[in-house]
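Trainee: Have a look at this one before I ask anything.
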């Protein structure tokens, strides 16, 4: 392990929704500067910020038109430099978001390609139609529709695995790789000490592109461009060319659909690639037959198996996990996996403790530390996300009523996590004096930072979790072992470090649940309650967990 990864806790800020200081309804860099004392109070070590570069905002900033500038709606380069300085004073480093698989079609490179410049045309995957006039391949875009669009008024097409305005970059071209590495170096020179690489495991497409035989969007199709040897080679080249020798530099790759084997290869320090990865399998346990745009109860046994398998597999291979429930692309976890109406404190803290005591680096998404929930918007016009609009139409085309489609949208839209940060109970939750770019959740008068800091229980619980990680080597570096793998309602595990043992029990349901410890648990030792959100004080051979109760015991 490198970079003290086990000691760090990273806080994710979605800049558009965090804090607006100029009244235009969009969060900005000065808004982050204004709240650094709050983040220092929470105790985090690093801020990961979603993109704030110039962008048409067709995919909320992941369609970048200039990688080395600040979009004026977020502020200036001087603001960014001040943020880096002020963060450093408080012991908080900055992690930037780098979508290097694709650029906006408004990027200078793509515009020069469109204008006929062959040098820049080789920056992208531009292909002619097949002899029968059909698209170069039958691949599907992850945002719906085909993955190819007409390239200007030529008879060719460009690839876009995501939105039609996001053209995939041709990493086979060494000039492309060097241009991207220059971007990474630019921000390192600005004081950045971490980078999150967006959809990084799909950069390694083949030069010769083949049709999917499993059908558009199938698992077989994804394997054609996901986690290929090219991806591993090019990520290693990037690391060695840019950040590899910088002490304490933290990198995380977003690796959707990846495997434990590839996760280890990306993150084992001997591979010299990335510090850690985000994998998403545990957040697909409420997908009906693998389909995101559905509404079903989560499969608890699958959730347990996935978390346990990744913890054990990454540990065995000396890989490293990014630990998270929430981000800008996921509905709020407390709304997905708990009961925020009847057990808001218990639900949120149980979920937090479950992952904060695992092996890896925990991430907190803005608002998570005060118990923000999905907003429950009833009107499709209250949403902003292109993926949401596309899939709403797909659901209607499948024959669902508007009410049925909206029930799914409310549950799965990425905008459910992107609503403005709830700072206080004033208008717009104190986020802006203007009109917010996305509506504020209706519950902001009950759930907000001011109220939590005054007499709340969730924020202090997060402070304790962070402090324990900073303090205890067993949380930072201990080995991970599953416990009670078949219990129908409780996720349990233990960590070992030297002769120390840490036990963690988390109940994922309302009501009560009986826990009977196996004989392998040594109850002749003394254990102290390290942290819990319920009534249990002692670890005994048999005990009962309350609704959404979590408790951790550490051997003395």
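In our numbering, the protein residues as written are 6 to 561. For every residue, glycine included, the Cβ atom is placed at its ideal position computed from N, Cα and C.
1. Could you give the uninterrupted runs of the beta strand (DSSP E) lying entirely in the stretch 342-394, keeping only those of 3 residues or more?
2. For residue 302, does the count of other Cβ atoms within 10 angstroms reach 16, so buried, or fall short, so exposed?
3. Just how far apart, CA to CA, sit residue 458 and residue 464?
4. Report all residues from its chain with a CB closer than 7 Å to the CB of residue 397; omit the five preceding and five following residues, and keep chain order.
5. Taking DSSP as the reference, what is the three-state secondary structure of residue 238?
6. Hey, out of 508, 379, 283 and 282, whose CA is closest to residue 543's CA?
7. Output the boundary residues of the alpha helix (DSSP H) element that contains residue 230.
8. Does the separation of the CB atoms of residue 284 and residue 261 fall below 9 Å?
9. Between the stretch 163-177 and the stretch 188-196, can you find at least three pairs of beta-carbon atoms closer than 8 Å?
10. So, with DSSP's three-state summary, where would you put residue 563?
11. Would you say residue 547 and residue 521 are within 9 Å of each other, going by their C-beta atoms?
12. Should residue 124 be labelled buried (16 or more other beta-carbon atoms within 10 Å of its own) or exposed?
13. By Cβ distance below 6 Å, which residues in the same chain neighbour residue 206 in space, the five residues on each side in sequence not counted?
14. Under a three-way DSSP split, which group does residue 277 fall into?
15. When the Cα atoms are used, what is the spatial distance from residue 334 to residue 130?
16. Looking only at DSSP bridge pairs, what is residue 174 linked to?
17. Just mark residue 203 as buried or exposed, buried being the case when its beta carbon has 16 or more other beta carbons within 10 Å.
18. Pair every Cβ in the stretch 76-83 with every Cβ in the stretch 141-157, then say whether three or more of these pairs are closer than 8 Å.
19. State the Cα-Cα distance for the pair residue 71 and residue 265, rounded to the nearest angstrom.
20. In this structure, does DSSP put residue 6 in helix, strand or coil?
21. Nearest by alpha-carbon distance to residue 480: which of 366, 222, 212 and 85 is it?
22. Where DSSP assigns a beta bridge to residue 510, which residues make up the other side?
23. Taking buried to mean at least 16 other C-beta atoms within 10 Å of its own C-beta, is residue 24 buried or exposed?
24. Would you check if the distance between the CB atom of residue 518 and the CB atom of residue 487 is smaller than 9 Å?
25. From the DSSP output, read off the bridge partner residues of residue 109.
Mentor: On the basis of the supplied data:
1. 366-370, all fully within the stretch 342-394.
2. When all chains shown are included, residue 302 counts as exposed.
3. Cα-Cα distance, rounded: 7 Å.
4. Taking residue 397 as the centre and dropping the five residues before and after it, the same chain places the C-beta of 385, 410 and 414 closer than 7 Å to its C-beta, in chain order.
5. Taken through DSSP and simplified to helix, strand or coil, residue 238 comes out as helix.
6. The candidate whose alpha carbon is nearest that of residue 543 is 508.
7. Note, residue 230: premise wrong, no alpha helix (DSSP H); not H, not E.
8. Contact: yes.
9. Under the Cβ criterion (8 Å, minimum of three pairs), the stretch 188-196 does not count as touching the stretch 163-177.
10. In the structure displayed, the chain extends from 6 to 561; residue 563 sits before or after that span and is not available.
11. Taking the C-beta atoms as reference points, residue 521 is found nearer than 9 Å to residue 547.
12. Counting every other CB atom within 10 Å of its CB across the protein chains shown gives residue 124 a total below 16, marking it as exposed.
13. Annotation for residue 206: 231, 232, 236, 260 and 263 place their beta carbon closer than 6 Å to its own, counting only its chain and skipping 5 residues before and after.
14. Per DSSP, reduced to three states, the secondary structure at residue 277 is coil, with no helix or strand assignment.
15. Each residue's alpha carbon lies about 26 Å from the other.
16. Looking at the DSSP output, residue 174 bridges to 129.
17. With 16 or more Cβ atoms within 10 Å of its Cβ, residue 203 is classed as buried.
18. The stretch 76-83 vs the stretch 141-157: no contact.
19. Straight-line spacing of the CA atoms in residue 71 and residue 265 works out to 34 Å.
20. Below a pLDDT of 50, predicted positions are generally treated as unreliable, and residue 6, at 36, falls in that range; the measurement from the model is reported next regardless. Coil, per DSSP.
21. By alpha-carbon distance to residue 480, the top candidate from 366, 222, 212 and 85 is 366.
22. For residue 510, which the question treats as bridged, DSSP gives the partners 497 and 556.
23. Burial is judged here by how many other beta carbons sit within 10 angstroms of a residue's own beta carbon; residue 24 has at least 16 and is buried.
24. Not in contact: residue 518 and residue 487 (Cβ atoms no closer than 9 Å).
25. By DSSP's assignment, residue 109 forms a beta bridge with 171.
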